[in-house]
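Novice: Handing you a structure now.
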Amino acid sequence: MGVVVCVNIIISVFIYYVFCSGNVAYRKTASQVSYAWGDKFPADRAVDGNVDQWRSHEHCALPDRGQGKNAWWQVDLGGIFDILRVEIYSGNNKCKPRYFGWQCQFECQCRVGETCNDVTGKCPSDCPNKLWGVGCLLSSDNYYNDPRGINYMGKLAHATHHESGARTHVPCIPWIEQMNHNTFPDGGRTEAANYCRNPDNYTSTWCYYNSKLNWAYCKLDNIYCVTGRFDVNCKKECHCSGATEDCQKKNGGCQTECAPHFRGSICQGA
1 MGVVVCVNII ISVFIYYVFC SGNVAYRKTA SQVSYAWGDK FPADRAVDGN
51 VDQWRSHEHC ALPDRGQGKN AWWQVDLGGI FDILRVEIYS GNNKCKPRYF
101 GWQCQFECQC RVGETCNDVT GKCPSDCPNK LWGVGCLLSS DNYYNDPRGI
151 NYMGKLAHAT HHESGARTHV PCIPWIEQMN HNTFPDGGRT EAANYCRNPD
201 NYTSTWCYYN SKLNWAYCKL DNIYCVTGRF DVNCKKECHC SGATEDCQKK
251 NGGCQTECAP HFRGSICQGA
């Protein structure tokens, strides 16, 4: 027998048989109209016995909300039962404002009065001050797992010029004034503005500081990511099973094993 529950919310479902206290829906075959966000929220998540309601933990089912009132989810109980009660745990809970990511562990640094997307960390407008990257968590004074700064998109706009044994900071001029560079992680010369970049794969980021095409390197440090993130520009999340375990900063590997519902050498696949 199938029990059909029409939903357009994230759900976990418990169905109790009238003659016992067991959940007869536990790990039974479930299906839904379609998946939201690829396959991160399949139908069987609703009957896996986990009532964690936080969307970012990915323990619930989520039919495609684009279906509107036509969205559906169902479970085949494998038999006929007199149902005592049906418990549906809504997964509408999101991260609290200004937090995002798996287990809502990252606090974004958007502009005052703004909050970020609770899944991606994207802020409504540009990052404030000298911040950049996912959730505006990165400092413009650093590269992150990127020794040459090839992918650096921070806002440092001065180089270190050496002359007569002295070091001085010289302001960078806009890349748009120079027509011989086209490869920028931002997308182009206009987006790169007058910030330090490395379009020619030099040993570090650099910039021109006058119209005579004099240039100098920018002084930045290559560091590891904040706890819970890894890869170039900290663009990926760690998904280790240990409650306090952080992954390897270069490749995301875990010392123990992947958290539930993640797999692969870097615990990313769901």
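If you count the sequence shown from 1, position 25 lands on 25 in the UniProt record's numbering, and the numbers rise without skipping.
We put the beta carbon where it would ideally sit given N, CA and C, even for glycine.
In or out: Lys249 buried (at least 16 other Cβ within 10 Å) or exposed?
Specialist: By the 10 Å Cβ count, Lys249 comes out buried.
Novice: For Gln74, which of helix, strand or coil comes out of DSSP?
Specialist: For Gln74, the secondary structure class from DSSP, reduced to helix, strand or coil, is strand.
Novice: Candidates Cys240, Glu245, Ala159: which alpha carbon is nearest Cys218's?
Specialist: Ala159
Novice: For His261, name the three-state secondary structure that DSSP assigns.
Specialist: coil
Novice: Considering Ala192, what are the terminal residues of the alpha helix (DSSP H) in which it resides?
Specialist: 189-192
Novice: Could you tell me which whole beta strand (DSSP E) segments of length 3 or greater appear in the stretch 195-250?
Specialist: Taking only runs of at least 3 residues, the beta strand (DSSP E) segments lying wholly in the stretch 195-250 are 206-208, 215-217, 221-223.
Novice: My output table needs one value for Gln255: the three-state DSSP class, helix, strand or coil.
Specialist: The three-state reading of DSSP puts Gln255 in coil, since its state is none of H, G, I, E or B.
Novice: Using three-state DSSP, classify Ala46 as helix, strand or coil.
Specialist: helix
Novice: For Ile88, does the three-state DSSP call read helix, strand or coil?
Specialist: strand
Novice: Assess, as a yes-or-no matter, whether the stretch 98-116 is touched by the stretch 134-145 under the definition of 3 or more beta carbon pairs within less than 8 Å.
Specialist: yes
Novice: Cα separation between Pro42 and Gly113?
Specialist: When rounded, the distance between both Cα atoms is 35 Å.
Novice: Span of the beta strand (DSSP E) holding Ser34?
Specialist: Here Ser34 belongs to no beta strand (DSSP E), and DSSP marks it neither H nor E.
Novice: Would you report the Cα separation of Asn214 and Tyr202, rounded to the nearest angstrom?
Specialist: 15 Å
Novice: Could you check the C-alpha separation between Tyr195 and Pro260 for me, to the nearest Å?
Specialist: Looking at the backbone, the Cα of Tyr195 and that of Pro260 are separated by about 41 Å.
Novice: Looking at C-alpha atoms only, which residue of His169, His161, Ser139 is the closest neighbour of Lys155?
Specialist: Ser139
Novice: Among residues of its own chain, excluding the 5 on either side of Gly242, which ones have a beta-carbon nearer than 6 Å to its beta-carbon?
Specialist: Thr256
Novice: For Phe230 and Leu77, what's the separation of their Cα atoms in angstroms?
Specialist: 42 Å
Novice: Given a cut-off of 8 Å, decide if Asn117 and Gly149 are closer than it, judged by their beta-carbon atoms.
Specialist: no
Novice: Name the two residues that bound the continuous beta strand (DSSP E) containing Ala25.
Specialist: Taken as a continuous stretch (DSSP letters only), Ala25 belongs to no beta strand (DSSP E), as it is neither H nor E.
Novice: Inspect the beta-carbon positions of Asn145 and Val226 and report whether they are closer than 8 Å.
Specialist: no
Novice: Of the choices His239, Thr244, Phe81, Asn251, whose alpha-carbon is the least far from that of Gly269?
Specialist: His239
Novice: By Cβ distance, which residues of its chain are closer than 7 Å to Phe262, with the 5 residues on each side in sequence left out?
Specialist: Only His239, Gln268, Gly269, Ala270 meet the Cβ criterion.
Novice: First and last residue of the beta strand (DSSP E) that includes Thr160?
Specialist: If you look at Thr160, you'll find it in the beta strand (DSSP E) that goes 158-163.
Novice: Excluding sequence positions up to five away, which residues of its chain have a Cβ less than 8 Å from the Cβ of Thr120?
Specialist: Phe100, Val134, listed in sequence order.
Novice: Could you give the first and the last residue of the continuous beta strand (DSSP E) run that contains Tyr144?
Specialist: 142-144
Novice: Can you grab the Cα-Cα spacing for the pair Val170 / Gly253, in whole Å?
Specialist: Whole-angstrom Cα-Cα distance: 41 Å.
Novice: Sorted by chain position, which residues of the same chain lie with C-beta nearer than 7 Å to Pro174's C-beta, five sequence neighbours on each side aside?
Specialist: Ala193, Asn194
Novice: Rounding to the nearest angstrom, what Cα-Cα distance links Gly188 and Lys94 in this structure?
Specialist: 35 Å
Novice: So, at 6 Å on beta carbons, what are the nonlocal neighbours of Thr205 in its own chain, with the 5 sequence-adjacent residues on each side left out?
Specialist: Gly149, Tyr152, Cys196, Arg197, Asn198, Cys218
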